[in-house]
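Enquirer: This structure is in structure tokens; I'll ask about it shortly.
2 protein chains.
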Amino acid sequence: MTAIPQPHPKLGALIDALGDVPVVTEAATVRKRSRDFFWYSPILNAQLHGKSADVLVSPRTEAEVMRVAAACARFGVPITPRGAATGNYGQAVPLHGGVLLDLSGLTEVEWVRGGVVRCGPGLVMSELDAMLAPQGLEQRLHPSTKRRATVGGFVAGGSGGIGSITYGGLREPGNIRAARIVTVEPEPHAIELRGDAAQKVNRAYGTTGIITALEMPLAPAWPWVEMIVAFDTFAGAMAFGHAAALADGIVKKLIAPIAWPLPSFFAEVRPFCPEGRAVLIVMVAEASVESFKALLGGDGDITLERPASDAPGQTPLYEYTWNHTTLQMLKADRGVTYLQCLFPHDRVLESVGEMCAMFPEELLGHCEFIRFGGRVTASALPVIRFSTPERLDAIMALHEAHGVMIANPHVMTLEDGSRHKRADADQIGFKREVDPMGLLNPGKMRSFVPAPRA
Amino acid sequence: MTAIPQPHPKLGALIDALGDVPVVTEAATVRKRSRDFFWYSPILNAQLHGKSADVLVSPRTEAEVMRVAAACARFGVPITPRGAATGNYGQAVPLHGGVLLDLSGLTEVEWVRGGVVRCGPGLVMSELDAMLAPQGLEQRLHPSTKRRATVGGFVAGGSGGIGSITYGGLREPGNIRAARIVTVEPEPHAIELRGDAAQKVNRAYGTTGIITALEMPLAPAWPWVEMIVAFDTFAGAMAFGHAAALADGIVKKLIAPIAWPLPSFFAEVRPFCPEGRAVLIVMVAEASVESFKALLGGDGDITLERPASDAPGQTPLYEYTWNHTTLQMLKADRGVTYLQCLFPHDRVLESVGEMCAMFPEELLGHCEFIRFGGRVTASALPVIRFSTPERLDAIMALHEAHGVMIANPHVMTLEDGSRHKRADADQIGFKREVDPMGLLNPGKMRSFVPAPRA
Chain A
1 MTAIPQPHPK LGALIDALGD VPVVTEAATV RKRSRDFFWY SPILNAQLHG KSADVLVSPR
61 TEAEVMRVAA ACARFGVPIT PRGAATGNYG QAVPLHGGVL LDLSGLTEVE WVRGGVVRCG
121 PGLVMSELDA MLAPQGLEQR LHPSTKRRAT VGGFVAGGSG GIGSITYGGL REPGNIRAAR
181 IVTVEPEPHA IELRGDAAQK VNRAYGTTGI ITALEMPLAP AWPWVEMIVA FDTFAGAMAF
241 GHAAALADGI VKKLIAPIAW PLPSFFAEVR PFCPEGRAVL IVMVAEASVE SFKALLGGDG
301 DITLERPASD APGQTPLYEY TWNHTTLQML KADRGVTYLQ CLFPHDRVLE SVGEMCAMFP
361 EELLGHCEFI RFGGRVTASA LPVIRFSTPE RLDAIMALHE AHGVMIANPH VMTLEDGSRH
421 KRADADQIGF KREVDPMGLL NPGKMRSFVP APRA
Chain B
1 MTAIPQPHPK LGALIDALGD VPVVTEAATV RKRSRDFFWY SPILNAQLHG KSADVLVSPR
61 TEAEVMRVAA ACARFGVPIT PRGAATGNYG QAVPLHGGVL LDLSGLTEVE WVRGGVVRCG
121 PGLVMSELDA MLAPQGLEQR LHPSTKRRAT VGGFVAGGSG GIGSITYGGL REPGNIRAAR
181 IVTVEPEPHA IELRGDAAQK VNRAYGTTGI ITALEMPLAP AWPWVEMIVA FDTFAGAMAF
241 GHAAALADGI VKKLIAPIAW PLPSFFAEVR PFCPEGRAVL IVMVAEASVE SFKALLGGDG
301 DITLERPASD APGQTPLYEY TWNHTTLQML KADRGVTYLQ CLFPHDRVLE SVGEMCAMFP
361 EELLGHCEFI RFGGRVTASA LPVIRFSTPE RLDAIMALHE AHGVMIANPH VMTLEDGSRH
421 KRADADQIGF KREVDPMGLL NPGKMRSFVP APRA
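Residue numbers (the UniProt record's numbering), protein chains in the order written: chain A, 1 to 454; chain B, 1 to 454.
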């Protein structure tokens, strides 16, 4: 066993208590697995550098999860659950060492019926869709990291993505049907959270119980066609994207306008992104392609059109959207970062235009049309040329001053990262029940105060 | 052959020219089949009383349709296509005698693939859904007359219905993929109208060619649950219905708030409509029922919940919505009629409330939530206690003066019945091509002037 820098004093006893639950203590591996994609943010990159768990534990069943939870509670060891760690806020980075709980082994599909799947949190989302495809079904929503991300990781650390143009975000009633969680106590128990109650684990970064099963509603797995459409201007891509987003007869999964020069960083599909032009990346059901093209008319030029696929060998176009857009540029230029914006639905085009005009040198426009609260609007992950933390804060403040909601992606706590700058009251209250000692991902829900030790 | 009152002078020659295409000339039958449900309107009832074709012709193939069209063109005989004649504007009532073209024999399903069906116009919509069900598919939209109405009749005379809360109306790009029509000329030909072009036959009352095939996009056939929810007030039913309509994670097909005393006329389900209370009739996917109930909370009381079915033996709840609401009351009280309203999406609840308050004695509130142009709003078919035509006009004018769009259902022409009070320019232009002599359903497109005879 490699030496661990300042491990938790009870670590050895804890590991002994885990019996045959797989454990890795080799420091380089544990450090590597303790990271997520927080490095998109220069602020978080500085703050989270070097943070690591002491031990990686990989349970294969809910019973093993309970065994880990019991041991951590008994020895007072922090426990940070992780899926594929594709998040960008340090969700899965342990701030206080302890156990990194790898849930990727919980991949059982319990059942699929009536348009719903119940499965373990560790299933990779593209693998789940591949399993569902023969039944003509697929997940309603997925992040751009679908080929790596897990179902549980998305629920615990995400908010929406591809599919949100039809179903809205994970917060919408009905988009998470139920979650089963395990408490962190000397004698852990499982709790079934149904309906609204399942929101207690949504985007809670694993602070409110360890997810061991999820019941997720499904969508019809239409044959999807993905396209790149080139426009002379970003405003043109936005305007047509908005019209397409509002066209309820056109079945769609993704509408993402992206300003030049971002497409110049789109490695494999660079040849389909004409120099100097904005692009719109879309996923439309095959049955709606003809209508989509009729709506487009002469407004833009389709430069690429092909069946969408998650299979290896071809990068799905959704991997150039949402925060993958940022990633494509970061691969070439580490001097950029990004924001998370939500524009007002009743003046979405004007508002996006204002923000682009306000920061002509610093902001590279990039939106996704989504439904939010039943209305079509745009969220955005604009790429920002980073100068200083103060300037980044100022850019966000200017957005908010102009009616654009910001979910700050440069902070590590739930509270600071939410649009409302506070933790959900339900989540805080629930945490007291399920993690009274505050061992779950400590430091991420900063408004939580553990109960005094008995 | 029974004597026909004032038949077209060339009728005998025309019938001879039809060969073995089935023909009925028995006057009582022809008169009966020449009616639709225009009698919901006291105005139309007076105007259309006694209108009848001279002969009912029932082709079984497109070739036979062409034979009829050719004969009508040669002998200058009017030709009025009809599906199941479930419309309410006299769409299928021949104003000038001639041929009533019964298209209910064209029922071939050419193919089903990629989420699309291509079929004859005469298929009854519930029968088509029954055929599609084994593939997990169904039609996106249907009228409340689904168990009688035909696919072609809906396209030619309808605008939206059950399903419009998700897909909008038939006018939305993508909701009619293609239509094949036959022209009325001495040598008829068929024209394929794809995408936008297919709108040339939508709600044109059969004036712009005889539909012989339609390509319609499909939706997933979720197991649907239908419910009646009782509310103390119509405003309460509207407010919750609006919230449910905006909940994109809840998959739904119908949300119809209906004010008391309308539910007192709902024969079979009267026991589930509590005295004095408004009801909301909904169809929700089984997977979304739990979320729907969570959203409802204590706002209303579910008095009936059961699997939705078009099968004989049970009246589907959608037959208490859309214009079936009016019908249920008309069965008991012939003193009522109805309006067709579209409320502004940005103040829908206020606007509906204003109209209810403006006509407390005359207007019985009844709405359907729909998507229109990508926004959730309400259309309405309020029941009106009829006094005089002048008062009916005044009520409609007052709606329009308060920002509510009206499609007048008490007029028989396309122009007067549209929200914009004019025929679609595309439809008029197209009619010149496909029906140069103006023989198709003459009198319904009043702005059309036939070309001078050569």
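Backbone N, C-alpha and C fix where the C-beta goes; we use that ideal spot for every residue, glycine too.
Quick check: is the beta carbon of residue 202 of chain A nearer than 8 Å to any beta carbon in chain B?
Expert: No - not a single Cβ of chain B is within 8 Å of the one on residue 202 of chain A.
Enquirer: Can you tell me the Cβ-Cβ gap for residue 121 of chain A and residue 177 of chain A, rounded? I've got them flagged as a contact below 8 Å.
Expert: About 14 Å; that fails the 8 Å criterion.
Enquirer: Can you tell me where the beta strand (DSSP E) with residue 301 of chain B in it begins and where it stops?
Expert: Counting along the chain, the beta strand (DSSP E) containing residue 301 of chain B begins and ends at 301 to 307.
Enquirer: Report the CB separation of residue 207 of chain A from residue 440 of chain A in whole angstroms; it is logged as a contact under 8 Å.
Expert: At roughly 5 Å, the Cβ-Cβ gap stays under 8 Å, so residue 207 of chain A and residue 440 of chain A are in contact.
Enquirer: If I measure Cβ to Cβ from residue 16 of chain A and keep anything under 7 Å in the same chain, skipping five residues before and after, which residues do I get?
Expert: Same-chain partners within the cutoff: there are none.
Enquirer: Could you tell me the distance, in whole angstroms, from the CA atom of residue 367 of chain A to the CA atom of residue 193 of chain B?
Expert: Taking the straight line joining both Cα atoms gives about 35 Å.
Enquirer: When you compare only the Cα positions, how much space is there between residue 339 of chain A and residue 37 of chain B?
Expert: Residue 339 of chain A and residue 37 of chain B: Cα-Cα distance of roughly 57 Å.
Enquirer: Please list, in chain order, the residues of the stretch 294 to 320 of chain A that have any C-beta partner in chain B closer than 7 Å.
Expert: Result list: 294, 295.
Enquirer: Quick one, are the C-beta atoms of residue 146 of chain A and residue 159 of chain A less than 8 Å apart?
Expert: Cβ atoms of residue 146 of chain A and residue 159 of chain A: not closer than 8 Å.
Enquirer: What first and last residue would you give for the beta strand (DSSP E) that runs through residue 379 of chain A?
Expert: 375 to 380 is the span of the beta strand (DSSP E), which, as asked, contains residue 379 of chain A.
Enquirer: Answer yes if the stretch 288 to 307 of chain B comes into contact with the stretch 230 to 241 of chain B, meaning at least three C-beta pairs across the two stretches below 8 Å, and no otherwise.
Expert: These segments touch.
Enquirer: What does the alpha-carbon distance come out to for the pair residue 347 of chain B and residue 45 of chain A?
Expert: Near 46 Å, if we compare the C-alpha coordinates of residue 45 of chain A and residue 347 of chain B.
Enquirer: At 7 Å on the CB atoms, spell out the chain A contacts of residue 195 of chain B, in chain order.
Expert: The answer, in chain order, is 290, 291, 294.
Enquirer: Which residue from B:50, B:265, B:419 puts its Cα closest to that of residue 341 of chain B?
Expert: The option with the nearest alpha carbon to residue 341 of chain B is B:419.
Enquirer: Can a CB atom of chain A be found closer than 8 Å to the CB of residue 255 of chain B?
Expert: Closer than 8 Å: no.
Enquirer: Is residue 175 of chain B close to chain A? Criterion is C-beta to C-beta, closer than 8 Å.
Expert: With 8 Å as the cut-off, residue 175 of chain B counts as an interface residue toward chain A.
Enquirer: Can you tell me the Cα-Cα spacing of residue 163 of chain B and residue 143 of chain B, whole angstroms?
Expert: C-alpha separation (whole angstroms): 9 Å.
Enquirer: Using 10 angstroms around the beta-carbon of residue 83 of chain A, count the other beta-carbons present and answer buried if the total reaches 16, otherwise exposed.
Expert: Buried: at least 16 other Cβ atoms inside 10 Å.
Enquirer: Spatial neighbours of residue 256 of chain B within its chain, please: C-beta separation below 6 Å, excluding the five flanking residues on both sides.
Expert: Closer than 6 Å at the Cβ level, and outside the excluded window around residue 256 of chain B, lie 281, 321, 368.
Enquirer: Sorted by chain position, which residues of the same chain lie with C-beta nearer than 6 Å to residue 161 of chain A's C-beta, five sequence neighbours on each side aside?
Expert: Result list for residue 161 of chain A: 141, 142, 143, 322, in chain order.
Enquirer: Whether or not the stretch 382 to 389 of chain A and the stretch 355 to 367 of chain A are in contact is what I'm after, with contact meaning three or more pairs of Cβ atoms, one per stretch, closer than 8 Å; do they touch?
Expert: A contact exists between the stretch 355 to 367 of chain A and the stretch 382 to 389 of chain A.
Enquirer: Please classify residue 309 of chain B: is it buried, with 16 or more other beta-carbons within 10 angstroms of its beta-carbon, or exposed?
Expert: The residue in question, residue 309 of chain B, is exposed, as its Cβ has fewer than 16 Cβ neighbours within 10 Å.
Enquirer: What residues from chain A crowd round residue 128 of chain B, counting only those whose CB sits closer than 8 Å?
Expert: None at all; the shortest Cβ gap to chain A is about 16 Å.
Enquirer: Taking Cβ positions only, does residue 108 of chain B come closer than 8 Å to chain A?
Expert: So, not an interface residue.
Enquirer: I need the straight-line Cα distance from residue 223 of chain A to residue 138 of chain B, nearest angstrom please.
Expert: Approximately 17 Å between the Cα atoms of the pair.
Enquirer: If we define contact as Cβ-Cβ less than 8 Å, is residue 286 of chain A a contact residue for chain B?
Expert: Yes, residue 286 of chain A lies at the interface with chain B (some Cβ there is under 8 Å from its Cβ).
Enquirer: Under a Cβ-count criterion, where at least 16 other Cβ atoms within 10 Å of its own Cβ denotes burial, should residue 449 of chain B be classed as buried or exposed?
Expert: Answer is exposed; the Cβ neighbour count stays below 16.
Enquirer: Between which two residues does the alpha helix (DSSP H) carrying residue 430 of chain A extend?
Expert: Taken as a continuous stretch (DSSP letters only), the alpha helix (DSSP H) holding residue 430 of chain A covers 425 to 434.
Enquirer: By the 8 Å beta-carbon criterion, what residues does the stretch 236 to 251 of chain A contribute toward chain B?
Expert: Those residues of the stretch 236 to 251 of chain A that come within reach of chain B (Cβ to Cβ, closer than 8 Å) are 245, 246, 247, 248, 249, 250, 251.
Enquirer: In terms of residues, what are the limits of the beta strand (DSSP E) holding residue 227 of chain A?
Expert: Element bounds for residue 227 of chain A: 224 to 231.
Enquirer: Along the chain, where does the beta strand (DSSP E) that runs through residue 54 of chain A open and close?
Expert: From DSSP, residue 54 of chain A is part of no beta strand (DSSP E); its letter is neither H nor E.
Enquirer: Along the stretch 359 to 376 of chain B, where does the CB come closer than 9 Å to a CB of chain A? Name the residues.
Expert: Under the 9 Å Cβ criterion, the stretch 359 to 376 of chain B contributes 371, 372, 373, 374, 375, 376.
Enquirer: At 7 Å on the CB atoms, spell out the chain A contacts of residue 222 of chain B, in chain order.
Expert: The answer, in chain order, is 115.
Enquirer: How far does the beta strand (DSSP E) with residue 367 of chain B in it reach, from first residue to last?
Expert: Unbroken beta strand (DSSP E) run through residue 367 of chain B: 367 to 372.
Enquirer: Would residue 20 of chain B be called buried (16 or more neighbouring beta carbons within 10 Å of its own) or exposed?
Expert: Exposed: under 16 other Cβ atoms inside 10 Å.
Enquirer: Does residue 248 of chain A pass the burial test, meaning 16 or more other C-beta atoms within 10 Å, or should it be called exposed?
Expert: Label assigned to residue 248 of chain A: buried.
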